[in-house]
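Novice:
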Amino acid sequence: MSAKSPLSPEELLHLYRKMVQIRVFEEQAIELFGKGLITGTTHPCIGQEAISVGVCAALGREDQVLATYRGHGAALAKGCSPATIMAELLTRTTGCCKGRGGSMHLCDTAQGFLGTNAIVAAHIPLAGGVALSNKLRKKPLVTACFFGDGASCEGEFFETLNMAALWKVPLIFVCENNGYAISVPTNLSQATPDIADRARGFGMTSVVVDGNDVVAVHLAARAAVEEARHGRGPIFLECKTVRWERHSAFSAGRYEDPEEAQKWKRVDPLPRFREMLLSSGTAAAQLAKVDQDCQEEIAAAVAFAVQSPSPDAASLYEGIFVE
Amino acid sequence: MRTLSMRDALNEALREEMRNQPELTLLGQDIGAYGGTFGVYKGLFDEFGPERVRDGPLCESATVGFGIGLAISGMRCVVELEFMDFTTVAMDQIVNQAAKLHYFLGGQVTVPLLIRTPIVSRMGMGPQHSQSLESWFMHVPGLKIAIPSNAYDAKGLMKTALRGLDPVLFIENVKLYGTSAEVPTEDYSIPFGKARTLREGTDVTVVALSGTVPEALAAAESAAQAGIQVEVVDPRTLNPLDDAGIAASLRKTGRLIIVHDAYRTCGVAAEISQRMMETAFDYLNAPIMRVTGLDVPVPSGALYQNVVPNRENLLQAIQSIVN
Ligand SMILES: Cc1ncc(C[n+]2csc(CCOP(=O)(O)OP(=O)(O)O)c2C)c(N)n1
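Taken in sequence, the protein lines are chains A and B. If you use the working numbering, the first sequence closes out at 331, no skipped numbers anywhere. If you use the working numbering, the second sequence closes out at 325, no skipped numbers anywhere.
#1: Tyr105 of chain B touches chain A at which residues, Cβ-Cβ below 7 Å?
#2: How about Phe312 of chain A and Ala37 of chain A: do their beta carbons lie closer than 9 Å?
#3: Relative to ligand 1, is the shortest distance from any of its heavy atoms to the C-beta of Gln129 of chain A smaller than 8 Å?
#4: Can you give me, in chain order, the residues of the stretch 126-141 of chain A that have a beta carbon less than 7 Å from any beta carbon in chain B?
#5: Would you check if the stretch 97-117 of chain B and the stretch 221-234 of chain B touch, i.e. whether three or more CB-CB distances between them fall below 8 Å?
#6: Is Asn98 of chain B close to chain A? Criterion is C-beta to C-beta, closer than 9 Å.
#7: Check whether the Cβ of Glu34 of chain A sits closer than 8 Å to any heavy atom of ligand 1, and report yes or no.
#8: With Met86 of chain B and Thr119 of chain B assumed to form a contact (beta carbons below 8 Å), what rounded beta-carbon distance in angstroms separates them?
#9: Runs of 4 residues minimum, wholly inside the stretch 252-282 of chain B: which ones carry the alpha helix (DSSP H) assignment?
#10: Please decide whether Ala322 of chain A counts as near chain B, where near means a Cβ-Cβ distance under 9 Å.
#11: Does any CB atom of chain A fall closer than 9 Å to the CB of Glu84 of chain B?
#12: Measure the beta-carbon distance from Val42 of chain B to Leu12 of chain B and round it to whole angstroms, keeping in mind my assumption that it falls under 8 Å.
#13: Below 8 Å on C-beta distance, what does Gly156 of chain A contact in chain B?
#14: Within 10 Å of its beta-carbon, does Gly136 of chain A have 16 or more other beta-carbons around it, so buried, or fewer, so exposed?
#15: Quick one: give me the first and last residue of the alpha helix (DSSP H) that Glu217 of chain B is part of.
#16: Considering only the beta carbon of each residue, do Thr162 of chain B and Phe194 of chain B sit closer than 9 Å?
#17: Do you know how far the Cα of Phe172 of chain B is from the Cα of Gly69 of chain B?
#18: Which residue from A:His51, A:Ile30, A:Val225 puts its Cα closest to that of Ala260 of chain A?
#19: What residue does the alpha helix (DSSP H) around Ser141 of chain A start on, and which one ends it?
#20: If the cut-off is 9 Å on Cβ atoms, which residues from the stretch 245-279 of chain B count as contacting chain A, listed in chain order?
#21: Please classify Ser10 of chain A: does DSSP put it in a helix, a strand, or coil?
#22: How many whole angstroms separate the CB atoms of Val215 of chain A and Pro178 of chain A, which I take to be in contact at a CB cut-off of 8 Å?
#23: According to DSSP, is Ser197 of chain A part of a helix, a strand, or is it coil?
#24: According to the neighbour-count rule (16 or more other Cβ atoms, all chains shown, within 10 Å of its Cβ), is Pro311 of chain B buried or exposed?
#25: Check whether the Cβ atoms of Glu49 of chain B and Thr27 of chain B sit closer than 9 Å, and answer yes or no.
#26: Count the other CB atoms within 10 Å of the CB of Pro289 of chain B; is the residue buried (16 or more) or exposed (fewer)?
#27: Please report the distance separating the alpha-carbon of Glu18 of chain B from that of Tyr77 of chain A.
#28: Does DSSP classify Glu188 of chain B as helix, strand or coil?
#29: Between Ala11 of chain A and chain B, is the shortest Cβ-Cβ distance under 9 Å, so that the two count as touching?
#30: Taking only three categories from DSSP, how would you classify Ile147 of chain B?
#31: Do Ala313 of chain A and ligand 3 come close, with the Cβ less than 8 Å from some heavy atom?
#32: Any idea if Leu178 of chain B is buried or exposed, counting beta-carbon neighbours within 10 angstroms, 16 or more meaning buried?
#33: Tell me the residue span of the beta strand (DSSP E) that contains Asn220 of chain A.
#34: In this structure, how does DSSP classify Ser318 of chain A when only helix, strand and coil are distinguished?
#35: Does the beta-carbon distance from Phe155 of chain A to His131 of chain A come in below 9 Å?
#36: Does the structure place the stretch 92-111 of chain A close enough to the stretch 187-196 of chain A that three or more beta carbon pairs sit under 8 Å?
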C-alpha cells in the first residue's frame, strides 16, 4: 500500500468489500424486481456506495444510523445481514422487519440501524431526537443521518438543523447530493449550489466532499465523528455524487438528454477505487477474491430470501400496538 | 376526598411520573418557566430543570420528530402542541411516523410518546384556534387517543398513557381545565377503552365527548325535570373505543344521541353511530341522532356559540328522540 494513504491495507480492503457487497446486492435486487419477486418499488443506491460505506466505516456498532428508502447500502454498511435485508425486500417473515417494511423500511436495532423512511426528510428530526437521547444519557454515541438533495428542501431539514445546532447534539448530517429528486435536477430546486452552505448558516461545521471517493468520504466522516463524539457536533457533510440511471427500479421516466442516464458510470466510485487499490499495490487476486466472496454471499442471501415464507394475512392485526 | 381542577390533576400526573421515571422528558414551546400556555406545566421547570422540561423552537413537526427519536431510543417523551389546530403542522410525524414505526419495523422499536394537545372550541378564538380534529387521528391505525372530560379521568388516563409503550394523543378541552372533581391522593390509573357512565338513565343514551360533557349533564338534568331519564356516557378514549360499553347503554335505553364539538361530517359521531348499527341495530327504537359542531369554519367572537352544540339544542334533540 502506498505510504501516503492514511488508511491501513485492512481498512482499505474493508471499504472495498463493503462497496462490492452493496453493488452486488443492488444488482440482484434489480433483477429480482424485474422477475416480480419484489413488489411495489425499490431504490438502488448504485453509484452512491462510497458514501454509506465511507461514513459507516467511521462509526462503531452502537452508533446509530437513520437513512432513506434509498438505504439498502446504509443498512449493509452499518453491518446488517444481507440475508435479512434481502428477505425484507421480498417482504418475507425472515426479513429484518418480518416482511412488514419492504424495500423502503429497513431496520436492525441490534446493529444500531434505526430505520429507513419513505417520507422524504421525515427521519431527519427522528435522528435529531436519537442524538439528543445520547446526549441526555451521556452516552458517547454518534448518530448519522443520510438524506438526499431533495430532502434538503423540506421544512423538517431546516427545523432539525436549527434544533440540532441549538442543542449541540452528536449528530452527523450526511447529504447525498446525487443531482436529482426523481426528475427534478438540483439547478431547478436548489437556490445555491452547495447545500452545505445552509448548515453554515446555523453555525455548524460543514464540509463538501467528493462522494464518489470512498477514502475522501471516510476521512471526512472520521473527522466528523471525532468532533461529534467529543461534544462538538452537529456536523454537516455534503457528499457530491451522481444518481444511478433511474430514481427507482420501477421509474419509467426519461431524461431530456439521454446521455444523463450514463453519467453515473463515468464517475462510478467502484472501478475508481479498484484502480486506486491496484495502482497502489493491492494484488488483483485479492480483489478478485473479495468480488467472488460477495457474489457468493449475496447469492446465498437471495436463496435465503426466496425460500423464506411470506407473512400470513392472519398476522395483519398483530403489532399495531405494543399493548 | 379532596378535589382538584383538571389542570392541577394533569400537572400532578406529569409531576408524579417525572419523579418516577428519570428519563421522562417534556418537549414543547412555552412549557418551561412560563408553565405552558394554559398553565398545565406550572412548577415542573423549577423541579426538574431545563434538560427535562425543554423549551424549544417553534417547529411543531420537528418537535414531534425529536420526541419520536427520544422515544425510539427508549426515553419516554411528552410533546406539547399548543392548540389542536397546530397538529396539522406536525401531521406527518404523528400519522406516518409515530403511529406506524412499531408496526412496519416489525416491532423493533416502540414509540412511548405522548402528545398533549388542547382544544379551544369554546372561547371564540376564530377559525384557526377552535377546532376539534380528533376524528382525523381516530381514522389512523396506531394512535391511542384519550379525550377526558374531568379531573379524575384526566389524571388516571394520563398515568396509563405515561406507563404504556404506545404513542398517545391526549386531547384536553381548555374549557375543562378549571372544572374540579374528586381525585384520590393515592396512585391510580384508568385503562383505555372503558367508557364511563356519568349519569344513569333509562330513556336515552347521550354519548358526549370532551367539552360537551358538561352540556350533556346539564341537558340531562333539565330533561329529568320533564320526566326523561338520560344516561350520559363518556367514552374517555377514542382508540380504543369502548363499543361494548356504548352498546350496553344503548340496549338499555333504546335511543342514542352523540354529541361533540367537532365538525359534523366524518366526525366521531358518524363512526360511533355506524358501529352501533352494526352491533345493536335491533335495540334501536329511533334513528341515532348527532348533535355536533356545524360544518363551517368557526368564526371569531361570540358567534362560536352558534357553531358548537349547547345544552339547549341537546335538550331539543333529547325531547325529539323520545317522542
Ligand atoms: C414528503 C414526500 N414528498 C414526496 C415524496 C416522493 N418522493 C420519493 S423520493 C423523492 C425524491 C427525493 O429526492 P432526494 O431527497 O434527492 O433523494 P434521492 O431519491 O435522490 O436519493 C420524492 C419526491 C415522498 N416520498 N415524501
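Glycine included, every Cβ here is placed at the ideal spot set by N, Cα and C.
Specialist: If we stick to the structure as given:
#1: Correct list: Arg108, Gly327, Ile328.
#2: When the beta-carbon positions are compared, Phe312 of chain A and Ala37 of chain A stay at least 9 Å from each other.
#3: Looking at the sequence shown, residue 129 of chain A is not Gln but Ala. Because some heavy atom of ligand 1 lies under 8 Å away, the Cβ of Ala129 of chain A counts as near it: yes.
#4: Ile127, Ala130, Pro133, Leu134, Ala135, Gly136, Gly137, Val138, Leu140, Ser141
#5: no
#6: yes
#7: no
#8: 5 Å
#9: Contiguous alpha helix (DSSP H) elements confined to the stretch 252-282 of chain B occur at 270-282, taking only those with 4 or more residues.
#10: no
#11: no
#12: Right, their Cβ atoms sit about 5 Å apart.
#13: Residues of chain B passing the Cβ test: none, with the nearest at roughly 17 Å.
#14: buried
#15: 215-227
#16: Taking 9 Å as the Cβ cut-off, Thr162 of chain B and Phe194 of chain B qualify as a contacting pair.
#17: 15 Å
#18: A:His51
#19: 131-144
#20: none
#21: Annotation note: pLDDT 46 at Ser10 of chain A (below 50); position unreliable, coordinate value reported separately. Assignment of Ser10 of chain A by DSSP, reduced to helix, strand and coil, places it in the coil class.
#22: That pair is no contact at about 16 Å.
#23: In the structure shown, the three-state DSSP call for Ser197 of chain A is coil.
#24: Pro311 of chain B comes out buried.
#25: no
#26: Exposed.
#27: 41 Å
#28: coil
#29: With a pLDDT of only 48 at Ala11 of chain A, under 50, the local geometry of the prediction cannot be trusted, and the value read off the model is given with reservation. Interface flag for Ala11 of chain A against chain B is unset, since no Cβ pair is found closer than 9 Å.
#30: strand
#31: Of the ligands this structure carries, namely ligand 1, none is ligand 3.
#32: buried
#33: Here Asn220 of chain A belongs to no beta strand (DSSP E), and DSSP marks it neither H nor E.
#34: The three-state secondary structure of Ser318 of chain A, taken from DSSP, is coil.
#35: yes
#36: no
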